[in-house]
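Residue numbers (the working numbering), protein chains in the order written: chain A, -3 to 620; chain V, 910 to 1134. For reference, the structure discussed in these notes is given below.
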Amino acid sequence: MMIRNSLTRLVRTPVKTALFFLLLSFTVALFCAGGSLWKLSGDNLRRFEEIFVTIGTVEQTPERTQQEAVWYADEEDFRYFNRAVYGETISSDVLDFVGAGYLSGPEQRAYYEALPFNYKLKEDNEGMPQAMIIEASPLEDCVPAGPVKIEVKRVLCSTYPVNDSPIYLCDHNTRYPQTLYADRTYLMALADGWTHEWEEKGAAAIFEYVPMDGPRSTQTDADGKRLSTDLEGTWIEELTPGFYETERGKAWLTLCQDFELQHWFQTFPVTATQDLNLIMAFYTKQAYLSQGAFFSKEDYEQGNKVCLISDRFARRNKLQVGDSLHLALRYANYAASPGRGGGEARLNAEGGIYEPFEESDYRIKGIYEVGVGGDGDWGYTIDRNEVFIPKTSIKNSDEHNIALHGPMKGYTTAFRIPNGTESMENFKKLWEAQGVDHVEITFYDGGYNKLEGGLKNMQTMSAVLLAVGAVSVVCMVIFFCHLFIAKQKKWTAIERCLGMTKGQCASALLAGVLTVALAGSAAGGFAGQLIAGSAAAQMTSTETFDTRFSNGEVQFNRERSEEEAVDGKAEGSGMLQSAYLTETDWRTAGLCSSLVFLFTVGMALSGIYRNLREEPLALLSESD
Amino acid sequence: MEKIIEAVNVTYIYQTKYQKTKALSEVNCSFERGKMYAITGKSGSGKSTFLSLLAGLDVPTEGMLTVEGEDMRKMNRDAYRLNRASVIYQAFHLFPLLTVMENVMFPMELQHIPSKVAKAKAREYLDKVGLPETLYKKRPGMISGGEQQRVAIARAVAAGGEILLADEPTGNLDSQNEKVIVELLCKLAHEDNYAVIVVTHNDAVAAAADVVYGMTDGVLSVVRG
């Protein structure tokens, strides 16, 4: 009866009721649309926060460049190259400053040369550069300014068997080579050179051998200071009786031993990192996981002995995720990346070989593939057998096994900071305050800033919509509660005088208001949901992204083949758009509608309470 | 005649945050069925407050008000108003959105009387107060003041009570309608055995009453017994 009477009252004031319904629906629609869009943009920000990673690469810039002349014997002329000249090496410690807010790093990464054991590092049909250390004599006294014939007397070590003798030798890059005498024997380190176009003399092209470094050392201490050594890297020595008993002679034999130990130039580099995102190939997802998993937070924190290997290395050695890989780390190179290639000498400052400083079994946690199309500086590319391990998994210090140290390079030194313009600007400000010259920091955020800007705009707009909606809803509910409840206090007083209990009076008032409020909230919520969905779809269809270095894009290409992945790059913007959440959550609209409904209940109850506090007869005794 | 309501030393104090006002002071009186009572007095003398207590809308600060010997403090006063006492007002106070018929049916519906029965009874009461059937479906705003007051009386008696409380029931009526209403009230008292208690300034209403009380500054006295 209460409800019927209450509804009768609504029906008999159709304009007021309809107005309440429509205005409430409209304001609830605004409120819900604002709420849904605000949540959606927040969800998208969080989603992209997870997808995107912001890193900075650090490079010590040269103080100057110096022109260097290199003699080319076949051209009988110099070629000129510009060489960067660095001042004192700046330690990566300069990056440790208060407020930097690193998520990982900064690290100046080393790669470690590991003993190859019996792992198969190349295909059977894959060649290797010919390199050898031989004892030889020229057929006649000569100056090897061009190809001269030498007779191979003894092969100390060689990549391939040396079957031909004599062979041609040319000290290709030396303007005035030393004279070689036919009656003497020389110990020389040679590599296969190139076809010498002896045009001036009209001779046929000659395949010649050229000098390569003899025993030398580039060992440094932990601070990167070069250790003194007698080894100069001379490629040729005259063999005198008892030479092999001398320190220099022993160094030559050690070098041979090292070549054999390392299967010549077959590299098995192991890169230790605090975060795979700091390695550009992984950052750009040019290298992606094909099996297993990346390192977990615990792996990094606890220094678990886990590793990632390349798919080709895994295939060649029939290794699978979960298998064990034996790693014996011999020496560290902090100056280059494996992709860029060594530069380090193979012997330590004392002329000995580097003995492994860390040897243990690693569990293969994941197998990665490297996609094609990895343009850019090849220092950033991954070497074909490169193994990745958590930095913390190395328990022993490498300080006595540093074969080369050098200035920070983009491909060796990086750090990670939180995403977002604010974080980047804060870092830049603090970094500038450090006043460090000749260090350049380049940030990569995969287009996050632009995306963040768009999403934050959306979030601001939705917050405005939410606030306007909320204020409108509050005003509307207060106004209509006033009309439907406060203005009905005489009605309530009559009901009280007729014997209705306070509870019955409250029910009668609530029933009508809440019926309209429920309908208005539901209709408004539904409309708000539709508006939010349409606005979200509209926004993502007009938003464009810079997908260069975008992790978001390739994240969704991971399952694709290499070829498709390349195509995917071209349409990266579309791929990233697919990462966008456009589905508005009905629960948000439901929550907003419920809040409005509860607010209406609250306001109505408060109005009813005030109505019921009035003394009915006093109220009704007042003249109208 | 049997007493239906008795006031014993009834005192009522309005208490606000800043002051206390004694609206009624040790009122002693009784009301019997079948009689019409008038309570006269100036505005603010405490008449309406006393009527409010008689309607069970509040309870005395001190003293006791009994209905057939039962302390009003202890009884269900909502049920009392619903079943035993009704109030009519100077401004009629009908529900403006309900029709004349619905207004009269309202208290019966509160008593859960079936709609058909309530409708028949409502017709009877409306007929009794002399309201033509053509007005039954009209809303209060569409009929005259005298007609509205008749509807209010019909609604008051529709609940089937035994006490009718009236607060200046003729205050908004012309003399002709005033006469009709006074006659109706007298009839309810003398023929239908209601205890009719009317608060009024109107001498004609007071003259029609069997007993007249005067109220001065919250003190009740018998003017004519």
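We treat Cβ as the ideally placed atom computed from N, Cα and C, and that holds for glycine. Model, not experiment: these values are computed from the prediction.
(Q) Please give me, in chain order, every unbroken run of the beta strand (DSSP E) with length at least 3 that falls completely inside the stretch 264 to 297 of chain A. (A) Within the stretch 264 to 297 of chain A, the beta strand (DSSP E) runs of at least 3 residues that lie entirely inside it are, in chain order, 265 to 269 and 283 to 288.
Q. What's the gap between the Cα of Val1110 (chain V) and the Cα of Ser1084 (chain V)?
A. Position 201 of the second sequence, counting from 1, holds the residue named residue 1110 (chain V). Position 175 of the second sequence, counting from 1, holds the residue named residue 1084 (chain V). The residue asked about is misnamed: residue 1110 (chain V) is His in this sequence, not Val. Going by C-alpha positions, His1110 (chain V) is about 14 Å away from Ser1084 (chain V).
(Q) Give me the DSSP bridge partner(s) of Ser995 (chain V). (A) Taking the first residue of the second sequence as 1, we reach residue 995 (chain V) at position 86. Paired residue(s): V:Leu1073.
Q: Following the continuous alpha helix (DSSP H) through Trp34 (chain A), name the residue where it begins and the one where it ends.
A: Stepping through the first sequence from its first residue, residue 34 (chain A) is reached at position 38. It spans Pro10 to Ile47 - the alpha helix (DSSP H) in which Trp34 (chain A) sits, taken as one unbroken run.
Q | Neighbourhood of Gln62 (chain A) by C-beta, 6 Å cutoff - its chain only, sequence neighbours within 5 removed | A | Reading the first sequence from its first residue, position 66 is the one you call residue 62 (chain A). Leaving aside the five residues that flank Gln62 (chain A) on each side, the residues in its chain whose CB is nearer than 6 Å to its CB run, in chain order, Arg79 and Val81.
Q: Go ahead and pull the three-state DSSP assignment for Lys565 (chain A).
A: By one-based count along the first sequence, residue 565 (chain A) stands at place 569. Because Lys565 (chain A) carries a pLDDT of 40, less than 50, the predicted location of this residue cannot be relied on, and the following value inherits that uncertainty. DSSP, reduced to helix, strand and coil, places Lys565 (chain A) within a helical segment of the structure shown.
Q | chain V contact for Arg609 (chain A) (CB, 7 Å cutoff) | A | Counted from its first residue, the first sequence places residue 609 (chain A) at position 613. For Arg609 (chain A), not one C-beta of chain V is nearer than 7 Å to its own C-beta.
Q: Taking all protein chains shown into account, decide if His168 (chain A) is buried (16 or more other Cβ within 10 angstroms of its Cβ) or exposed.
A: Locating residue 168 (chain A) in the first sequence gives position 172, counting from the first residue. Buried, since its Cβ has 16 or more Cβ neighbours within 10 Å.
Q. Does any C-beta atom of chain V lie closer than 7 Å to the C-beta of Gly508 (chain A)?
A. Numbered from its first residue, the first sequence carries residue 508 (chain A) at position 512. Using a Cβ-Cβ cut-off of 7 Å, Gly508 (chain A) does not count as an interface residue toward chain V, since no Cβ of chain V sits closer than that to its own.
Q.
Counting C-beta neighbours from all protein chains within 10 Å, is the total for Pro10 (chain A) 16 or more, i.e. buried, or is it exposed?
A. Position 14 of the first sequence, counting from 1, holds the residue named residue 10 (chain A). Here Pro10 (chain A) is exposed, its C-beta having fewer than 16 other C-beta atoms within 10 Å.
Q. What does Tyr998 (chain V) touch in chain A if you count any residue whose Cβ is under 9 Å from its own?
A. In the second sequence, residue 998 (chain V) corresponds to position 89, counting from 1. Within chain A, the residues near Tyr998 (chain V) are Ile490, Cys493, Leu613, Leu616 and Ser617.
Q: Rounded to whole angstroms, what's the CA-CA distance from Thr456 (chain A) to Thr511 (chain A)? Just pull it up for me.
A: Numbered from 1 along the first sequence, position 460 holds the residue referred to as residue 456 (chain A). Numbered from 1 along the first sequence, position 515 holds the residue referred to as residue 511 (chain A). Cα-Cα distance, rounded: 33 Å.
Q | Closest Cα partner of Leu451 (chain A) within the set A:Phe439, A:Val435 and A:Thr417 | A | Counted from its first residue, the first sequence places residue 451 (chain A) at position 455. Of A:Phe439, A:Val435 and A:Thr417, the residue nearest in Cα terms is A:Thr417.
**Q.** Length-filtered (3 minimum) beta strand (DSSP E) runs lying within the stretch 433 to 493 of chain A
**A.** Counting whole runs of 3 or more residues, the stretch 433 to 493 of chain A contains the beta strand (DSSP E) stretches 435 to 440.
Q. Relative to the alpha-carbon of Ala324 (chain A), which residue among A:Tyr240, A:Gly348, A:Ala277 and A:Pro265 has its alpha-carbon at the smallest distance?
A. Position 328 of the first sequence, counted from the first residue, corresponds to residue 324 (chain A). Scanning A:Tyr240, A:Gly348, A:Ala277 and A:Pro265 for the CA closest to the CA of Ala324 (chain A) turns up A:Pro265.
Q | chain V contact for Arg42 (chain A) (CB, 7 Å cutoff) | A | As a working note, residue 42 (chain A) is residue 46 in the first sequence. Not one chain V Cβ lies under 7 Å of Arg42 (chain A).
**Q.** Local conformation of Tyr182 (chain A) per DSSP, three classes
**A.** Counted from its first residue, the first sequence places residue 182 (chain A) at position 186. It is a strand residue.
Q) When the Cα atoms are used, what is the spatial distance from Leu1007 (chain V) to Pro1049 (chain V)? A) Counting from 1 along the second sequence, the entry for residue 1007 (chain V) is found at position 98. Counting from 1 along the second sequence, the entry for residue 1049 (chain V) is found at position 140. A direct Cα-to-Cα measurement between Leu1007 (chain V) and Pro1049 (chain V) gives close to 8 Å.
**Q.** Where the alpha helix (DSSP H) containing Ala80 (chain A) begins and where it ends
**A.** Here residue 80 (chain A) corresponds to residue number 84 of the first sequence, with the count starting at 1. In the DSSP assignment, Ala80 (chain A) falls outside any alpha helix (DSSP H) and within the unbroken beta strand (DSSP E) covering Asp73 to Val81.
**Q.** Range of the contiguous beta strand (DSSP E) that encloses Glu915 (chain V)
**A.** Reading the second sequence from its first residue, position 6 is the one you call residue 915 (chain V). Boundaries of the beta strand (DSSP E) harbouring Glu915 (chain V): Lys912 to Gln924, taken from the DSSP string.
Q.
For Pro143 (chain A), which residues in the same chain have their Cβ closer than 6 Å to its Cβ, ignoring the five residues on either side in sequence?
A. Position 147 of the first sequence holds residue 143 (chain A). Taking C-beta separations shorter than 6 Å and ignoring five residues to either side along the sequence, the partners of Pro143 (chain A) in its chain run Tyr164, Cys166, His192, Ile202 and Glu204, following chain order.
Q) Mind checking if Thr497 (chain A) is an interface residue toward chain V, Cβ cutoff 7 Å exclusive? A) For the purposes of this step, residue 497 (chain A) is taken as the residue at position 501 of the first sequence. Chain V, which has a Cβ nearer than 7 Å to the Cβ of Thr497 (chain A), makes this yes.
Q | Min CB distance Arg625 (chain A) to chain V below 7 Å | A | An answer regarding residue 625 (chain A) cannot be provided, because it is not within the stretch -3 to 620 covered by chain A.
Q) So, helix, strand or coil for Trp248 (chain A), using DSSP? A) Locating residue 248 (chain A) in the first sequence gives position 252, where the first residue counts as 1. Reduced to three states, the DSSP call for Trp248 (chain A) is helix.
Q | Inter-stretch contact (C-beta, 8 Å, three-pair minimum) for the stretch 51 to 68 of chain A and the stretch 397 to 406 of chain A | A | Yes, since at least three Cβ pairs between the stretch 51 to 68 of chain A and the stretch 397 to 406 of chain A fall closer than 8 Å, the two stretches touch.
Q: Starting from Pro1016 (chain V), trace the alpha helix (DSSP H) both ways and give me its first and last residue.
A: If you number the second sequence from 1, residue 1016 (chain V) lands on position 107. Where Pro1016 (chain V) is concerned, the enclosing alpha helix (DSSP H) stretches over Val1009 to Leu1019.
Q) Beta-carbon separation of Ala1115 (chain V) and Ala947 (chain V) under 7 Å? A) One-based indexing of the second sequence puts residue 1115 (chain V) at position 206. One-based indexing of the second sequence puts residue 947 (chain V) at position 38. Going by C-beta atoms, Ala1115 (chain V) is nearer than 7 Å to Ala947 (chain V).
**Q.** Alpha-carbon to alpha-carbon, Thr269 (chain A) and Glu560 (chain A)
**A.** On the first sequence, position 564 is the one that residue 560 (chain A) refers to. On the first sequence, position 273 is the one that residue 269 (chain A) refers to. Legend: pLDDT at Glu560 (chain A) = 39, less than 50; position of this residue unreliable, value from coordinates given subsequently. Between Glu560 (chain A) and Thr269 (chain A), the C-alpha separation is close to 29 Å.
**Q.** Delimiting residues of the alpha helix (DSSP H) encompassing Phe411 (chain A)
**A.** By one-based count along the first sequence, residue 411 (chain A) stands at place 415. Here Phe411 (chain A) belongs to no alpha helix (DSSP H); instead the beta strand (DSSP E) covers Thr409 to Ile413.
Q: Select from V:Val1128, V:Gly1127, V:Glu1092 and V:Lys983 the residue whose C-alpha is nearest the C-alpha of Asp1119 (chain V).
A: Here residue 1119 (chain V) corresponds to residue number 210 of the second sequence, with the count starting at 1. Cα-wise, what sits closest to Asp1119 (chain V) is V:Glu1092.
Q.
What would DSSP say about Gln430 (chain A), mapped onto helix, strand or coil?
A. Along the first sequence, one-based indexing puts residue 430 (chain A) at 434. For Gln430 (chain A), the secondary structure class from DSSP, reduced to helix, strand or coil, is helix.
Q) Can you list, in chain order, the residues of its chain whose CB lies under 7 Å from that of Arg492 (chain A), leaving out five sequence neighbours each side? A) Counting from 1 along the first sequence, the entry for residue 492 (chain A) is found at position 496. These residues qualify, in order along the chain: Cys501 and Pro612.
Q | CB contact flag (Ala1068 (chain V), Lys944 (chain V), <7 Å) | A | Counted from its first residue, the second sequence places residue 1068 (chain V) at position 159. Counted from its first residue, the second sequence places residue 944 (chain V) at position 35. No, the pair does not count as a contact, with Cβ atoms beyond the cut-off.
Q) When you check each C-beta in the stretch 940 to 965 of chain V against every C-beta of chain A, which residues fall closer than 7 Å? A) Of all residues in the stretch 940 to 965 of chain V, Ser957, Leu960, Ser961 and Ala964 have a Cβ within less than 7 Å of some Cβ in chain A.
Q: Could you tell me which chain V residues have their CB closer than 8 Å to the CB of Lys486 (chain A), listed as they occur along the chain?
A: If you number the first sequence from 1, residue 486 (chain A) lands on position 490. The CB of Lys486 (chain A) comes closer than 8 Å to the CB of His1002 in chain V, given here in chain order.
Q | Cα-Cα separation, Val473 (chain A) to Gly508 (chain A) | A | The residue labelled residue 473 (chain A) in the question sits at position 477 within the first sequence. The residue labelled residue 508 (chain A) in the question sits at position 512 within the first sequence. Those two C-alpha atoms are separated by around 13 Å.
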